[in-house]
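One structure below.
2 protein chains.
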Amino acid sequence: MEHHSQTRPAFSALERLRAVGLRPTRQRVALAKLLFEPGDHHVTAELLFEQAQSVGVKVSLATVYNTLHQFTAAGLLREVVVDSTCTYFDTNVTGHHHFFFENRRALVDIDGAAVDIRGLPAVPDGAKISRVDVIIRLSEDK
Amino acid sequence: MEHHSQTRPAFSALERLRAVGLRPTRQRVALAKLLFEPGDHHVTAELLFEQAQSVGVKVSLATVYNTLHQFTAAGLLREVVVDSTCTYFDTNVTGHHHFFFENRRALVDIDGAAVDIRGLPAVPDGAKISRVDVIIRLSEDK
DNA sequence: TCATAAATTAAAATGATTCTAAACTATTGA
DNA sequence: TCAATAGTTTAGAATCATTTTAATTTATGA
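Line by line, the protein sequences are chains A and B.
Mapping the first sequence onto numbering that gives the first Met the number 0, position 32 (from 1) lands on 31, and the numbers just tick up by one.
Mapping the second sequence onto numbering that gives the first Met the number 0, position 52 (from 1) lands on 51, and the numbers just tick up by one.
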């Protein structure tokens, strides 16, 4: 029996890949484990690449980028645009919002169900909402 | 007397620069006119650079970047993070939100006063809100 | 007008990300 | 089981927005 520092995931990395029709290669399975076995969290390509290296997974940075985008296209990840210097990916794909700690460049989820937004104007003709993002930018002056 | 295609601005480009203590150089005055004489709008560095060229203003792209950042630091502009491929600057610096047309990569302002957000969790200890951004992402499938 | 600090610039550098083309590997059907 | 092949991975080059550098130019105040 394997040991996990977190509770056993509802779906294994392999099952997730199968479910979205992505061929379960060594790299994709390893990255999926790093992404989905811990609880919800946010990564950048560089960060995931370093994590992979630190646990001995051999994967190139190009593959990390490819994989993050494939997972995003497949709905396993969500891209969060908060910082013009790099792209964040969120393993929580349910509708929700974010605190963004500007100093540390860290994201924290805000439950989407709890938040209620009123007074928005009508959506322009011919357009439809693909997503609503609320970002609360926070500064922590030590 | 000069001719404007828009109504006369409340403050001239020169006055704005003086007000924030930026030396009114030829380039800064010219860019300020392009930015503040039309009504509220959004630009990227590349776009402003092209506009400048098209009206015969001689300015380098480096200066456009410098100027956009100086204006932002001075509170004359606001940076809008919506797109991971480039940075948008908004001449509307009052609290407000945005529609983002994903196909066209265009921004449209949403009046901030009209929008009411409820149910947000308490701000984490030691942090304070520097800004709340609401972005409604829209797709227009032709 | 002059001295000087500030601003501008072309060009090089950077850094995140994407592309390319060659080498590998999972899958499928015989 | 095995080869064919379509899909993957990869190192390295390329790209693109942006920033930096270091030299030149300009605004300002005495």
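Yeah, the Cβ is synthetic: ideal placement off N, Cα and C, and Gly gets one too.
So that I know if they touch, is there some Cβ in chain A lying closer than 8 Å to that of residue i?
i         : result
B:Arg-15  : no
B:Ala-29  : no
B:Phe-98  : yes
B:Val-19  : no
B:Ala-126 : yes
B:Glu-101 : yes
Measure from the C-beta of residue i to each C-beta in chain B and report whether the shortest distance is under 8 Å.
i         : result
A:Leu-137 : yes
A:Val-92  : no
A:Ala-113 : yes
A:Gly-118 : yes
A:Arg-130 : yes
A:Asp-89  : no
A:Val-58  : no
A:Asp-82  : yes
With the cut-off set at 8 Å, would you say residue i and residue j are in Cβ contact?
i         : j         : result
B:Asn-102 : B:Glu-139 : yes
B:Pro-123 : A:Leu-106 : no
A:Leu-33  : A:Gln-50  : yes
B:Val-80  : A:Ile-116 : no
B:Ile-128 : A:Leu-119 : no
A:Glu-78  : A:Thr-84  : no
B:Leu-67  : B:Ala-44  : yes
Does the Cβ of residue i lie closer than 7 Å to at least one heavy atom of the ligand SAH?
i        : result
A:Ala-61 : In the structure shown, the ligand SAH is absent, as is every other ligand, since no ligand is present at all.
Which whole-angstrom value describes the C-beta separation of residue i and residue j, a residue pair presumed to lie in contact below a C-beta threshold of 8 Å?
i         : j         : result
A:Thr-62  : A:Phe-88  : So it is not a contact: roughly 14 Å between Cβ atoms.
B:His-95  : B:Asp-82  : At roughly 18 Å, the Cβ-Cβ gap does not stay under 8 Å, so B:His-95 and B:Asp-82 are not in contact.
A:Ala-121 : B:Phe-100 : At roughly 15 Å, the Cβ-Cβ gap does not stay under 8 Å, so A:Ala-121 and B:Phe-100 are not in contact.
B:Val-133 : A:Val-133 : 5 Å
Taking residue i as part of the beta strand (DSSP E), name the residues at either end of that continuous run.
i         : result
B:Phe-100 : 95-100
A:Leu-137 : 127-138
A:Arg-117 : 115-117
B:Arg-77  : 77-79
Short of 7 Å in beta carbon distance, which residues of its chain neighbour residue i, apart from the five on each side in sequence? Order them along the chain.
i         : result
A:Ala-31  : Ala-12, Arg-15 and Leu-16
A:His-40  : Thr-90
A:Arg-104 : Asp-82
A:Val-56  : Ala-29
A:Asp-108 : Asp-39, Asn-91, His-95 and His-97
For residue i, which residues of its own chain have a beta-carbon under 8 Å away from its beta-carbon, when the five flanking residues on both sides are left out?
i        : result
A:Gly-74 : Val-19 and Val-92
B:Glu-1  : Low confidence applies to B:Glu-1: its pLDDT is 43, below 50, so where it sits in the model is not reliable enough to give any reading.
B:Leu-76 : Leu-34, Leu-67, Phe-70, Phe-88, Asp-89, Thr-90 and Val-92
B:Phe-48 : Val-58, Leu-60 and Val-63
B:Phe-10 : Ala-18 and Phe-35
Looking at the unbroken alpha helix (DSSP H) that takes in residue i, where does it start and where does it end?
i         : result
A:Val-63  : 60-72
A:Arg-104 : Looking at the DSSP string, A:Arg-104 is not in any alpha helix (DSSP H), and its letter there is neither H nor E.
A:Glu-14  : 12-18
A:Leu-34  : 25-35
A:Ser-83  : No alpha helix (DSSP H) holds A:Ser-83; DSSP gives it neither H nor E.
B:Ala-51  : 44-53
Keeping to the same chain, check which residues put their C-beta closer than 6 Å to that of residue i; ignore five residues upstream and five downstream.
i         : result
A:Val-58  : Gln-26 and Ala-51
A:Val-42  : Phe-88
A:Val-131 : none
B:Ala-112 : none
B:Pro-23  : Leu-13 and Leu-16
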